[in-house]
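Peer 1: Here it is, the structure, as structure tokens.
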Amino acid sequence: MSHHKPDPNVNVNLTIDGIPVTVPEGTTILEAARKVGIHIPVLCDHPDLKKRAVCRICVVECDGGGKLKAACANDVWEGVKVVTNSAKIQAIRKTIVELILADHPQDCLTCIRNQKCELQTLAIQFGIKDLTFPKADISSKPNIDTNTIVRDMAKCVKCGRCVEVCQEVQSVRAINTAYRSLNYEITTPYDQELIEGPCVYCGQCTAVCPVGALYENDQTDKVWAAIDDPARHVVVQTAPAVRVALGDEFGLPKGAITTGKMVTALKRLGFTKVFDTDFSADVTILEEGNELLHRLQNGGKLPMITSCSPGWINFAEVFFPELTEHLSTCKSPQQMFGALAKTYYAELAGIDPATITSVSIMPCVAKKFEAQRPEMNSSGFQDVDVVLTTRELARMIKLAGLDFANLPETPFDKVMGDSTGAAVIFGTSGGVMEAALRTVYEVVTGETLGSLDFDSVRGHQGIKTVEVDLKGTKVKILVANGLSNARQVMESIRDGKCDATFVEIMCCPGGCVGGGGQPYGNNAIKLQRKDGLYEADKQLSMRKSHENPEVKELYDKFLGKPLGEKSHHLLHTHYSKLGKNHWAKAGGGGH
Amino acid sequence: MSKLKTLVSEGAGKINPISVSDYVGIGGYEGLKKAVTMTAEQVIGEVKKAKLLGRGGAAYPSGSKWEHLLHIPETPKYIVCNADEGEPGTFKDKVILGQLPLKLIEGITIAGYVFGAKAGYIYVRGEYRKIQKQLITAIDNAKKANYLGDNILGKGFNFDIHVISGAGAYVCGENSALLNSTEGKVGRPRIKPPHLAEVGLFLQPTLVNNVESLASVPAIVLLGGDEFLKVGHPDSGGTKLICLSTHSAKPGVYEIPLGKVTLRDAIYDPELGGGVKGGKNLKFFHLGGQSGPIGSPALLDTPYSYTDLRKAGLTVGSGAIVVLDESVSIIEYLKGVTEFFIHESCGKCVPCREGNKQLYAILEKLSVPGAATPADLANLRRLVTTMTAASFCGLGQSAAVALNTAWKHFKDEFEANVNKTPAVAAA
Chain Z
0 MSHHKPDPNV NVNLTIDGIP VTVPEGTTIL EAARKVGIHI PVLCDHPDLK
50 KRAVCRICVV ECDGGGKLKA ACANDVWEGV KVVTNSAKIQ AIRKTIVELI
100 LADHPQDCLT CIRNQKCELQ TLAIQFGIKD LTFPKADISS KPNIDTNTIV
150 RDMAKCVKCG RCVEVCQEVQ SVRAINTAYR SLNYEITTPY DQELIEGPCV
200 YCGQCTAVCP VGALYENDQT DKVWAAIDDP ARHVVVQTAP AVRVALGDEF
250 GLPKGAITTG KMVTALKRLG FTKVFDTDFS ADVTILEEGN ELLHRLQNGG
300 KLPMITSCSP GWINFAEVFF PELTEHLSTC KSPQQMFGAL AKTYYAELAG
350 IDPATITSVS IMPCVAKKFE AQRPEMNSSG FQDVDVVLTT RELARMIKLA
400 GLDFANLPET PFDKVMGDST GAAVIFGTSG GVMEAALRTV YEVVTGETLG
450 SLDFDSVRGH QGIKTVEVDL KGTKVKILVA NGLSNARQVM ESIRDGKCDA
500 TFVEIMCCPG GCVGGGGQPY GNNAIKLQRK DGLYEADKQL SMRKSHENPE
550 VKELYDKFLG KPLGEKSHHL LHTHYSKLGK NHWAKAGGGG H
Chain W
0 MSKLKTLVSE GAGKINPISV SDYVGIGGYE GLKKAVTMTA EQVIGEVKKA
50 KLLGRGGAAY PSGSKWEHLL HIPETPKYIV CNADEGEPGT FKDKVILGQL
100 PLKLIEGITI AGYVFGAKAG YIYVRGEYRK IQKQLITAID NAKKANYLGD
150 NILGKGFNFD IHVISGAGAY VCGENSALLN STEGKVGRPR IKPPHLAEVG
200 LFLQPTLVNN VESLASVPAI VLLGGDEFLK VGHPDSGGTK LICLSTHSAK
250 PGVYEIPLGK VTLRDAIYDP ELGGGVKGGK NLKFFHLGGQ SGPIGSPALL
300 DTPYSYTDLR KAGLTVGSGA IVVLDESVSI IEYLKGVTEF FIHESCGKCV
350 PCREGNKQLY AILEKLSVPG AATPADLANL RRLVTTMTAA SFCGLGQSAA
400 VALNTAWKHF KDEFEANVNK TPAVAAA
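Note that the protein sequences, when read in sequence, are chains Z and W.
Take the first sequence: its position 37, counting from 1, is numbered 36 in numbering that gives the first Met the number 0, and each next residue is one higher.
Take the second sequence: its position 45, counting from 1, is numbered 44 in numbering that gives the first Met the number 0, and each next residue is one higher.
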């Protein structure tokens, strides 16, 4: 017999703690136990990642026998009698938790993951009252801080989730395991700083870390200080994927649309103006759609690839420098917004752009990096001053004591607050493509679209290939999310095997709903957020970017036309053919 | 009657190790010549009848392993020889690798024939540098003599053997870590299942056997499984190379028939260990390497066989018999064992990485009068249970075996330094 590929159509019967259960072949013991209401504790396991079985907390007994098996990494088999809850197993699990705690700082009160830490949860579950084993000296371990990602390796529990997501899901390989025994650790190649390696700052490692070892560089203090300064005019923009994830932090149903509450919260926090990144997402569609048409008509580089996702841009610059001409020159919506806030908005409002503090709320860790790129200053200032993740915004709301779930709803402020459904769906994989198609179709054909729903580009499959009929002209498009999928697409372009015209690539699995800065979750939750965005799209009266009245006004009063001179200056950018020369040498935004 | 039986080590030290003609002169390659006239099923049938148990330490029945692999349809299949002899006190594979490399090569070639493999790998302990070079020469010589390479013995069967050097990690003796290391990856163990027979080297079906196991194969084929079985114990045929060391009067490698020699014979018989060095008393012995059990003199009359030793709470393991005299403190000895595992743990799983460290901390307290408390002993027991039952691989699972078995025989030494006075006196 060969290595048996599990057949999900075959049922397996077993008992777990005496409870009979039938599950499809290929189900892990962990999953089967959940089916009968037993939640076996885990630490290294993560539902979206390959199994590593290194923490050993989920061990169970199968058909007696002294050696225990990791429930996370072993599939069930016919007739097996699993015991998950004997005195012996409980004692072993508790010992393992104590062993981890002996190698972990006990500064929970001042840890960024306090009350959201999976190790803390285990310590509570096992009722650990005192530390049996002497604590290791871990004070000398480094706390490496870039402006984007903080690595506090003293807190690392060596579960390997970050390595798995960096290597397998994102194919970046900025971090790996090294050394052995007590020196075993997760580090960069040759222990260099993150900035010296290929890290693209996607922050997926911070999204899967179970403890406070990896997290976004918290910049809420900067924002509080700006709000508190009467001389500062503090404007804020909110990315589409934030509104369907923020509710997670406040006990609302997963994927709940919290746009109105979020705006109220931001106003109560003290922001002068609360705007919507969706406004500049609509601008992006006009610029990018016209860029695509321009490339098609003038023999430009094809396929054209979207450029909204800064983690993806970093990836392209590092791993495919020879292909950067395929990237749309459009800045990301965040940066378009930043450039317009300190020019267009400042002019309209009659304020000195030097007094504006431009804050953005993003599902993204890479956008912190992007805002600090030296070229992102076309307004004459740093276009976006501070980028906060969804998680950081939630911290501000909690600090202010706002009862988020019960806040009334408020609309965005005018001038840069109107949004279309096309912009809202930017937050999930396929959304930018669909938004572009809604506009490009009407521009190319001169006709009004019947159905606005391009179902074939929706969903979270890694790579989606679709052919769209623009009234006789067939256009092949590709949509990819997650960088290992992006790598596949780029390799096919490099090898001349890609016949697509237009490609959407999002750095994070699922797109921005799965961003590195989002509340902790998993792929199932990302899908609920996606559904929330399509629901928000449906609820809006305007669903096509070119119909956004504020955007029309922007072009009439300020920009002139898409791809015009002012657009070129404020809304478009250029890329470095960085290769593996690293950000540090190229003077990138990480430091 | 002699306690020795040369079946596997016949000719060791008597011939030029790299000379094919020397090897043929002592009956070498007769096994392969016979094997190529048999079907794969027939060869495996003999290995099963021989009841050959894996000589690396795990004692898994080789016949079952071979049979399982035969029924896997995917090709190519690989033959891998685990020659990463890293168990302290074990140096018996070194005898075969260094003095009879062609016997191992013959055994691997028979396996290659049985499984229709094109390539075999010998993963040799990094410290055996000289032996590696010699092994490569022996392989080249076998090729020149048409016992290896293309169209072996005119039977239209092609097979080659590559030598891979380890780099000093004990954990690479664990078969899945060994395969990772062979592939050029970090030598840390893999998650099982899938088993290596199914998804082994380069993700292909793979046979991984120890040096001594594979070197036993020519004798099995030549004598037949039944005869091979008769040499040893009814549950486990053949001989075992044992390694006597430390306070043995005659340290070295000896080949003995399984089940026909007792531990007392092995340690004291003038033909074998010849007793304890300097005529001192035996305090304890440590079997099968650092990962094996510790036994007391009370167990000396146990026959040296897989079955009998298991019944006595001991194991054959690698074949190491470390002899320790009355001057040795059990706690100090265990500190050495634990230090070894702290050094060699790959570090990826919690029970092994953190457990060994904490074991050592408690052993240190136990070696200072009054430093330890009864709670330390309870924690020691808890660590042993956790590491043994829950570690990721065999290294962590067996790291506390010595301690656990020593506890049975020398509990008083563990308790000697424990301060039994309650820390807080009653008011």
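All C-beta atoms, glycine included, are put in the ideal place defined by N, C-alpha and C.
I'd like the ranges of any beta strand (DSSP E) spanning at least 3 consecutive residues and lying wholly in the segment 409-465 of chain Z.
Peer 2: none
Peer 1: Quick one: Cα of Arg128(W) to Cα of Asp16(Z), how far?
Peer 2: 53 angstroms
Peer 1: Counting only the same chain and skipping the five closest in sequence on each side, list residues whose C-beta sits under 6 angstroms from that of Ile39(Z).
Peer 2: Take Ile39(Z), set aside five residues on each side of it, and the residues of its chain with a beta-carbon closer than 6 angstroms to its own are Leu29, Ala32, Cys57, Ala70, Thr83, in chain order.
Peer 1: Curious, which full-length beta strand (DSSP E) runs of at least 3 residues does the segment 177-217 of chain W contain?
Peer 2: 205-209
Peer 1: Using a C-beta to C-beta distance shorter than 8 angstroms, which residues of chain A count as neighbours of Ala137(W)?
Peer 2: The structure shown contains no chain A; its protein chains are Z and W.
Peer 1: Which same chain residues, not among the five before or five after Pro292(W), have their C-beta less than 7 angstroms away from its C-beta?
Peer 2: So the qualifying residues of the chain are Leu286, Gly312, Leu313, Thr314, Val400, Ala401, Thr404.
Peer 1: Taking CB distances under 8 angstroms as the criterion, tell me whether Ser180(Z) reaches chain W.
Peer 2: So, interface residue.
Peer 1: Along chain W, which residues have their Cβ under 8 angstroms away from the Cβ of Arg55(Z)?
Peer 2: Cys348, Val349, Pro350, Ala389, Ser390, Phe391
Peer 1: Exposed or buried, which one is Val349(W) when buried takes at least 16 other CB atoms within 10 Å?
Peer 2: With 16 or more Cβ atoms within 10 Å of its Cβ, Val349(W) is classed as buried.
Peer 1: Pop quiz: Gly318(W) and Cys242(W) are said to be a contact at Cβ under 8 angstroms. What is the actual Cβ separation, rounded to whole angstroms?
Peer 2: 6 angstroms
Peer 1: So, for Lys266(Z): in the same chain, excluding its five sequence neighbours on each side, which residues have a beta-carbon less than 8 angstroms away from its beta-carbon?
Peer 2: Val273, Thr409
Peer 1: State the Cα-Cα distance for the pair Pro193(W) and Ile71(W), rounded to the nearest angstrom.
Peer 2: Linking Pro193(W) to Ile71(W) through their CA atoms gives a straight-line distance of about 13 angstroms.
Peer 1: Under DSSP, the alpha helix (DSSP H) around Ser63(W) begins and ends at which residues?
Peer 2: 61-69 is the span of the alpha helix (DSSP H), which, as asked, contains Ser63(W).
Peer 1: Assign Ser1(Z) to buried or exposed, taking buried as 16 or more other Cβ atoms, counted over all protein chains shown, within 10 Å of its Cβ.
Peer 2: In this prediction, Ser1(Z) has a pLDDT of 44, which is less than 50 and means its spatial position is unreliable; nothing more can be read from the coordinates.
Peer 1: Which term fits Ser63(W), buried or exposed, when burial requires 16 or more other beta carbons within 10 angstroms of its beta carbon?
Peer 2: exposed
Peer 1: Since I believe Gly12(W) is in contact with Glu105(W) (beta carbons under 8 angstroms), could you give me their beta-carbon distance rounded to a whole number of angstroms?
Peer 2: Their Cβ separation, rounded to whole angstroms, is 18 angstroms, which puts Glu105(W) and Gly12(W) out of contact at 8 angstroms.
Peer 1: So, is the C-beta of Arg124(W) closer than 8 angstroms to a C-beta in chain Z?
Peer 2: no
Peer 1: Who pairs with Ala135(Z) in a beta bridge, going by DSSP?
Peer 2: In DSSP, Ala135(Z) forms no bridge with anything.
Peer 1: How about Asp307(W) and Gly251(W): do their beta carbons lie closer than 8 angstroms?
Peer 2: no
Peer 1: Go ahead and pull the three-state DSSP assignment for Ser180(Z).
Peer 2: helix
Peer 1: Alpha carbon to alpha carbon, how far is Ile174(Z) from Arg352(W)? Give it in angstroms, no decimals.
Peer 2: 20 angstroms
Peer 1: Which of the three DSSP states, helix, strand or coil, is assigned to Ala118(W)?
Peer 2: Correct three-state label for Ala118(W): strand.
Peer 1: Per DSSP, Lys68(Z) is paired with what?
Peer 2: Val59(Z)
Peer 1: If distances are taken between C-alpha atoms only, which option among Gly395(W), Gln133(W), Ala388(W), Pro373(W) comes closest to Ala415(W)?
Peer 2: The option with the nearest alpha carbon to Ala415(W) is Pro373(W).
Peer 1: According to the Cβ coordinates, are Ile438(Z) and Ile476(Z) closer than 8 angstroms?
Peer 2: The question names Ile, but residue 438(Z) is Thr in the sequence shown. No, Cβ-Cβ distance for Thr438(Z) and Ile476(Z) is not below 8 angstroms.
Peer 1: Consider the Cβ of Ala425(W): report whether some Cβ of chain Z lies at a distance smaller than 8 angstroms.
Peer 2: Because the pLDDT at Ala425(W) is just 44, under 50, the model does not fix this residue reliably, and the value given afterwards should be weighed accordingly. For Ala425(W), not one C-beta of chain Z is nearer than 8 angstroms to its own C-beta.
Peer 1: Per DSSP, what are the beta-bridge partners of Thr27(Z) in this structure?
Peer 2: Asp74(Z)
Peer 1: Using the three-state DSSP reduction, which class does His232(W) fall into: helix, strand or coil?
Peer 2: strand
Peer 1: Threshold first: 4 residues or longer. Then list the alpha helix (DSSP H) segments lying entirely within the segment 330-371 of chain Z, N to C.
Peer 2: 332-339, 345-348, 365-370
Peer 1: Please report the residue range of the alpha helix (DSSP H) in which Val315(W) lies.
Peer 2: That residue, Val315(W), is in no alpha helix (DSSP H); it is neither H nor E in DSSP.
Peer 1: Under 8 angstroms, Cβ to Cβ, is there at least one residue of chain Z near Leu68(W)?
Peer 2: False, the Cβ-Cβ gap to chain Z never drops below 8 angstroms.
Peer 1: Against chain Z, with Cβ distances strictly below 8 angstroms, would Glu353(W) count as a contact?
Peer 2: yes
Peer 1: Would you please state the rounded distance, in angstroms, between the beta carbons of Leu130(Z) and Ile99(Z)? I believe it to be under 8 angstroms.
Peer 2: Contact between Leu130(Z) and Ile99(Z) does not hold, since their C-beta atoms are separated by about 11 angstroms, which reaches or exceeds 8 angstroms.
Peer 1: Buried or exposed for Tyr178(Z), going by 16 or more other Cβ atoms inside 10 Å?
Peer 2: exposed
Peer 1: Specify, as a first and last residue, the run of the beta strand (DSSP E) that Ile163(W) falls within.
Peer 2: Counting along the chain, the beta strand (DSSP E) containing Ile163(W) begins and ends at 159-164.
Peer 1: Going along chain W, which residues have a C-beta under 9 angstroms from Leu98(Z)?
Peer 2: Val349, Pro350, Arg352, Glu353, Gly354, Lys356, Gln357, Leu382, Thr385
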